[in-house]
Amino acid sequence: MQKVTCLVVTLGTAGSTAEIPSWQRPGSAKGTYIIPAKAKRPGTVASDWNNLVSFRASISTFSLTGHLEILGTRSVVPLKLDKAINTAVTASAPIPGCHVMMLQPRILTRPSQRAWASCRTSSICALLRTYATAQTRIEPVTTTVPSPSSATAAKPQSAQEKSSTVILRTYKPRTPGLRHLKRPINDHLWKGRPFLPLTIPKKGMGKGGRNHHGKITIRHRGGGAKRRIRTVDFHRWEAGPHTVERIEYDPGRSAHIALLIHDATQTKSYIVAPDGTRAGDVVQSYRAGIPQDLLDSMGGGIDPGILAARTAHRGNCLPLHLIPVGTPIFNVGSHPKGGAVFCRSAGTFAVVESKDEETRDDGVKVVTGKYVTVRLQSGEVRKCSKDACATIGVASNVHHQYRQLGKAGRSRWLNIRPTVRGVAMNKVDHPHGGGRGKSKSNRHPVSPWGRTPAKGGFKTRPKNKPNKWVVTPRVRNHGKRRDKKSK
Numbered sequence: 008m009q010k011v012t013c014l015v016v017t018l019g020t021a022g023s024t025a026e027i028p029s030w031q032r033p034g035s036a037k038g039t040y041i042i043p044a045k046a047k048r049p050g051t052v053a054s055d056w057n058n059l060v061s062f063r064a065s066i067s068t069f070s071l072t073g074h075l076e077i078l079g080t081r082s083v084v085p086l087k088l089d090k091a092i093n094t095a096v097t098a099s100a101p102i103p104g105c106h107v108m109m110l111q112p113r114i115l116t117r118p119s120q121r122a123w124a125s126c127r128t129s130s131i132c133a134l135l136r137t138y139a140t141a142q143t144r145i146e147p148v149t150t151t152v153p154s155p156s157s158a159t160a161a162k163p164q165s166a167q168e169k170s171s172t173v174i175l176r177t178y179k180p181r182t183p184g185l186r187h188l189k190r191p192i193n194d195h196l197w198k199g200r201p202f203l204p205l206t207i208p209k210k211g212m213g214k215g216g217r218n219h220h221g222k223i224t225i226r227h228r229g230g231g232a233k234r235r236i237r238t239v240d241f242h243r244w245e246a247g248p249h250t251v252e253r254i255e256y257d258p259g260r261s262a263h264i265a266l267l268i269h270d271a272t273q274t275k276s277y278i279v280a281p282d283g284t285r286a287g288d289v290v291q292s293y294r295a296g297i298p299q300d301l302l303d304s305m306g307g308g309i310d311p312g313i314l315a316a317r318t319a320h321r322g323n324c325l326p327l328h329l330i331p332v333g334t335p336i337f338n339v340g341s342h343p344k345g346g347a348v349f350c351r352s353a354g355t356f357a358v359v360e361s362k363d364e365e366t367r368d369d370g371v372k373v374v375t376g377k378y379v380t381v382r383l384q385s386g387e388v389r390k391c392s393k394d395a396c397a398t399i400g401v402a403s404n405v406h407h408q409y410r411q412l413g414k415a416g417r418s419r420w421l422n423i424r425p426t427v428r429g430v431a432m433n434k435v436d437h438p439h440g441g442g443r444g445k446s447k448s449n450r451h452p453v454s455p456w457g458r459t460p461a462k463g464g465f466k467t468r469p470k471n472k473p474n475k476w477v478v479t480p481r482v483r484n485h486g487k488r489r490d491k492k493s494k
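Next up, the structure:
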């Protein structure tokens, strides 16, 4: 016995009027409709039955938790199922082999909306309205499949709409701290302890933002929960394929980390996980050189096109001169023998902008310059050594910026102390402090040390000593330079 909760009807222009039953009058209405299975008679189900032109039933199972499971699709001719549908609708008699139930349209919950948003581009989901959460099982009928009408085809979701979709987990406000708590959904993370040989305890190593003189150089640091520092490999000199054992949470950084196992030596190491990497994936580092078997497959030489197609995969570490122009990268290095220094936090990436290349007589491009130009996420264009390392992809945990901690205590767990306003301090602690009342007097907003403006940023680098590695600096203050003379 199978359960049928609804009939999915598509209105369009397919089919001739000779195949349509007499009670169906073709009209101009088009679209996809949900027909309840226990209506009194065809004429009472709005005007959908009167305007019916083509009928298509899709077999699907949809649970209230937001999980969509597509089992198959069967297309039928309206004339052949006219009697069976009419009998089931008018007399509430079940279709042979099926159990007919009534479907009540309802508004989707948040998990259901997320599931439909991810499945809306499917050809089967194009036949369903977004408010229907139904379970449909219909016996298969052997017939010809009509071509879907252009009016019923779902509009494909653009890449910009997919990238702008943010999925966060909210909580029922059983306590005040949970009311505003929002977190990215990362159910793929490892729920156990880290690999202890690659960790060291942080106890006794915290400085509270102070230097070796005991002076506070970084404000708002101190406290926090007990942690173990994960030793992350930012150099990746070890060649050969590595298998991702698991993806872990690292309390010392915003991005996630991946535990790798070398296929030959079985040694383990941590790296910053690329976005989309899961357990079982294979990554490789080509920083020490190109393997001999890869060179032999290219005929003993280096073909940039074939090399990029075989090496420029997500999670692979390559020298910058081997990465194609326009490729998103993260964990970008600056010097030939140094580790990664740029784009290491969650969701960050850079783009290879240009390389100094020359084309040989045989048509192969060769990098002749010493540097590769990279555009960072801040908009800064920077020169890096062509032998510096970089990882293909985007740093993981891309929705980290949309999280909400929900309460002040959660910031204290993360080693973040409160930020106090200057007007709330005493005169000895801040230039805006003191006085009777809450006024900072007529003074412009300044830093706690009173030497630089408090807002908008302030350049302290001398004009006659620019950074030689920066080709195009990032935009500050809407392109306007601020100094002490401009005040």
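So for the sequence shown, the working numbering puts the first residue at 8; every next one is plus one.
Note that the Cβ used here is the ideal one computed from N, Cα and C, for glycine as well.
(message) Between which two residues does the beta strand (DSSP E) holding S276 run?
(response) It spans K275 to V279 - the beta strand (DSSP E) in which S276 sits, taken as one unbroken run.
(request) Taking Q291 as part of the beta strand (DSSP E), name the residues at either end of that continuous run. (result) Here the beta strand (DSSP E) through Q291 covers V289 to S292.
(message) Pop quiz: A280 and S403 are said to be a contact at Cβ under 8 angstroms. What is the actual Cβ separation, rounded to whole angstroms?
(response) The C-beta distance from A280 to S403 rounds to 4 angstroms, short enough to meet the 8 angstroms contact threshold.
(request) Take the Cβ of R468 as the centre, count every other Cβ of all protein chains shown within 10 Å, and call the residue buried at 16 or more, exposed below. (result) Looking at its Cβ environment, which holds fewer than 16 other Cβ atoms inside 10 Å, R468 is exposed.
(request) Quickly, what does DSSP pair C324 with across the bridge? List them, please. (result) Note: C324 sits in a beta bridge opposite S292 and T398.
(message) Measuring straight from C-alpha to C-alpha, what distance separates A316 and L329?
(response) If you take the alpha carbons of A316 and L329, they lie about 11 angstroms apart.
(request) Identify the continuous beta strand (DSSP E) that holds R389 and give its terminal residues. (result) Its beta strand (DSSP E) spans residues V388 to S392.
(request) Whole angstroms is fine: what's the gap from P335's alpha carbon to V381's? (result) Approximately 10 angstroms between the Cα atoms of the pair.
(request) State buried or exposed for A347, treating a residue as buried only when at least 16 other CB atoms are found within 10 Å of its CB. (result) With 16 or more other CB atoms across the displayed protein chains lying within 10 angstroms of its CB, A347 is buried.
(request) Evaluate L325 with the Cβ neighbour count: other Cβ atoms within 10 Å of its Cβ, from every protein chain shown; 16 or more gives buried, anything less gives exposed. (result) With 16 or more Cβ atoms within 10 Å of its Cβ, L325 is classed as buried.
(request) Going by DSSP, name the residue or residues bridged to P331. (result) Under DSSP, no beta-bridge partner is assigned to P331.
(request) Under 7 angstroms Cβ to Cβ from Y256, same chain only, skipping five residues before and after it: list those, please. (result) The beta carbon of Y256 lies closer than 7 angstroms to those of L196 and H263 in the same chain, with the five residues before and after it left out.
(request) Would you identify the three-state DSSP class for K475, choosing helix, strand or coil? (result) Coil, per DSSP.
(request) Specify, as a first and last residue, the run of the beta strand (DSSP E) that P208 falls within. (result) For P208, the enclosing beta strand (DSSP E) begins and ends at T206 to P208.
(message) Just checking Q273 against the ligand NAD - is the residue's beta carbon closer than 7 angstroms to any of the ligand's heavy atoms?
(response) This structure does not include the ligand NAD; it has no bound ligands of any sort.
(message) Using 8 angstroms as the threshold, is the C-beta distance between L6 and Y277 below it?
(response) This structure leaves residue 6 out entirely; the chain is present only between 8 and 494.
(request) Evaluate contact between the stretch 181-199 and the stretch 404-416, counting only Cβ atoms and requiring at least three cross-stretch pairs below 8 angstroms. (result) In short, these stretches touch, since the Cβ pair count reaches three.
(request) Note down the Cα distance separating D240 from S446, rounded to an integer number of angstroms. (result) Spanning the two alpha carbons is a distance of roughly 50 angstroms.
(request) For the beta strand (DSSP E) holding P460, just list the boundary residues, first then last. (result) Unbroken run through P460: none, as it is neither H nor E.
(request) Taking 8 angstroms as the threshold, find out whether the stretch 382-392 comes into contact with the stretch 466-481 through three or more Cβ pairs. (result) Counting Cβ pairs under 8 angstroms, three or more are found: they touch.
(request) For K372, write down the residues that DSSP places opposite it in a beta bridge. (result) Looking at the DSSP output, K372 sits in a beta bridge with T366.
(request) Name the two residues that bound the continuous beta strand (DSSP E) containing L314. (result) Run containing L314: none in the beta strand (DSSP E); it sits in the alpha helix (DSSP H), P311 to T318.
(request) Could you tell me whether the stretch 284-291 touches the stretch 241-253, using the rule of 3 or more Cβ pairs below 8 angstroms? (result) Contact between the stretch 284-291 and the stretch 241-253 is present, because at least three Cβ pairs lie under 8 angstroms.
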